[in-house]
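Going left to right, the sequence shown walks through residues 328 to 613 as this note's numbering numbers them. Quick notes on the structure that follows.
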Amino acid sequence: MVKIKSFAKVNLCLYVLGKREDGYHEIFSVMQAVDLWDELTLSKIPRGIRVECDDPKVPLDNSNLSYRAAELLLDRVDIDSGVKIKIKKKIPQAAGLGGGSSNAAFTLIGLNKLFDLGLAREDLHPIAEQVGSDVPFFLYSGQAVARGRGERIKEVELPKDYWIVLVKPNFKMSTYEVYKNFKIDLTKKTKKIKIRFEKKEFHKLLRNWKNDLEGEVEKNFPQIKEIKNRLRKAKAIKSQMSGSGPTVFGIFKEKPEEKEVRKLFREDYQVFLTKPILLGTEIFQG
Numbered sequence: 328m329v330k331i332k333s334f335a336k337v338n339l340c341l342y343v344l345g346k347r348e349d350g351y352h353e354i355f356s357v358m359q360a361v362d363l364w365d366e367l368t369l370s371k372i373p374r375g376i377r378v379e380c381d382d383p384k385v386p387l388d389n390s391n392l393s394y395r396a397a398e399l400l401l402d403r404v405d406i407d408s409g410v411k412i413k414i415k416k417k418i419p420q421a422a423g424l425g426g427g428s429s430n431a432a433f434t435l436i437g438l439n440k441l442f443d444l445g446l447a448r449e450d451l452h453p454i455a456e457q458v459g460s461d462v463p464f465f466l467y468s469g470q471a472v473a474r475g476r477g478e479r480i481k482e483v484e485l486p487k488d489y490w491i492v493l494v495k496p497n498f499k500m501s502t503y504e505v506y507k508n509f510k511i512d513l514t515k516k517t518k519k520i521k522i523r524f525e526k527k528e529f530h531k532l533l534r535n536w537k538n539d540l541e542g543e544v545e546k547n548f549p550q551i552k553e554i555k556n557r558l559r560k561a562k563a564i565k566s567q568m569s570g571s572g573p574t575v576f577g578i579f580k581e582k583p584e585e586k587e588v589r590k591l592f593r594e595d596y597q598v599f600l601t602k603p604i605l606l607g608t609e610i611f612q613g
């Protein structure tokens with residue numbers, strides 16, 4: 328049996344650069360792992376794949392990304408066994424935090440350990456890419472630039488001396504619908520981002536980064552803008568939507584008082600106080 332932490336992420340910036348022939352969008356994103364996690368327990372069973380979860384809204388069939396990841400991996404290796412994947416959820420679903428993608432990636436990492444497969448990250452990456460665009464990110468250090476549709480990962484070194492407050496309002500977003508409705512403004516942003524990324528002081532750089540999808544979501548959900556404004560009033564140096572939303576994050580130089588921050592938002596909003604982290608061997612439990 329293997330227990331493993333499956334961490335969330337935020338998109339410190341997200342630029343949509345165009346639509347590809349395969350229907351996906353070309354993006355540029357700086358992604359950061361945070362210390363909010365689900366817990367996965369992987370164990371051997373005689374045959375097949377079985378998913379269990381403490382959240383009844385999580386699908387348990389092959390539409391579940393962890394199921395799909397296990398299915399693809401087991402198809403590629405010679406193992407006369409099945410696997411049970413037990414998921415204890417803490418990361419909100421359909422929230423822009425990569426919860427399902429993270430579960431899939433850490434399922435691959437956990438199965439590699441459970442079955443002593445000895446596969447390198449380079450072996451797992453193509454499988455992760457098949458499962459979903461955000462999945463490969465979680466195989467790396469937890470700090471990266473993502474390009475392509477999100478599958479092209481370049482690790483970067485970023486400061487971790489700040490706090491991140493996550494606010495998840497009481498509705499979900501469909502990534503497909505957000506991208507479908509997004510109107511592309513073709514620019515040469517990637518070159519500018521690269522220059523700024525190398526030369527500017529990090530906290531100043533953060534203030535300039537944007538999420539291109541944010542404006543589209545705000546049209547239908549003004550709560551996003553309201554959350555951003557409240558986080559700024561709480562002295563966040565930056566507030567922005569993560570991914571395709573609807574979670575909004577606020578970045579604080581000093582640790583905020585969690586109880587005071589929670590008072591700013593409705594009771595049915597989820598609020599998490601987190602830190603940026605690196606992903607490493609501490610993901611394994613027990």
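Positions of the beta carbon are idealized from the N, C-alpha and C atoms, including for glycine.
- The DSSP assignment places complete beta strand (DSSP E) segments of no fewer than 3 residues inside the segment 429-515 at 470-474, 479-482 and 490-495, in order along the chain.
- If you draw a 10 Å sphere on the C-beta of residue 404, you find fewer than 16 other C-beta atoms in it, and that means exposed.
- By the Cβ-count criterion, residue 570 is buried, with 16 or more other Cβ atoms from all chains shown falling within 10 Å of its own Cβ.
- By the criterion of a C-beta distance shorter than 8 angstroms, residue 363 is surrounded in its chain by 334, 335, 417, 418, 424, 493, 599 and 601, once the five residues flanking it on both sides are discounted.
- Counted as a single uninterrupted DSSP element, the stretch harbouring residue 562 is not any beta strand (DSSP E), since DSSP gives it neither H nor E.
- Distance between residue 536 and residue 339, taken at the CA atoms: about 7 angstroms.
- Judged by beta-carbon spacing, residue 376 lies within the 8 angstroms limit of residue 409, meaning their Cβ atoms are closer than that value.
- In this structure residue 486 is exposed. Its beta-carbon is surrounded by fewer than 16 other beta-carbon atoms within 10 angstroms.
- Per DSSP, residue 586 is one residue of the alpha helix (DSSP H) stretching across 585-589.
- Excluding five sequence positions before and after residue 554, the CB atoms of its chain that fall closer than 6 angstroms to its own CB belong to 494 and 575, given in chain order.
- In the structure shown, the three-state DSSP call for residue 351 is coil.
- Put simply, of 421, 395, 407 and 422 the residue whose alpha carbon is nearest the alpha carbon of residue 433 is 395.
- Of 354, 610 and 427, the smallest CA-CA separation from residue 390 is found for 427.
- Rounded to the nearest whole angstrom, the CA to CA distance from residue 539 to residue 567 is 10 angstroms.
- For residue 345, the pairing in a beta bridge is given by DSSP as 353.
- Annotated three-state conformation of residue 422 is coil, per DSSP.
- For residue 377, the enclosing beta strand (DSSP E) has its first and last residue at 376-380.
- Counting the other Cβ atoms within 10 Å of the Cβ of residue 461 gives 16 or more, which makes it buried.
- Counting the other CB atoms within 10 Å of its CB gives residue 345 a total below 16, which places it among the exposed residues.
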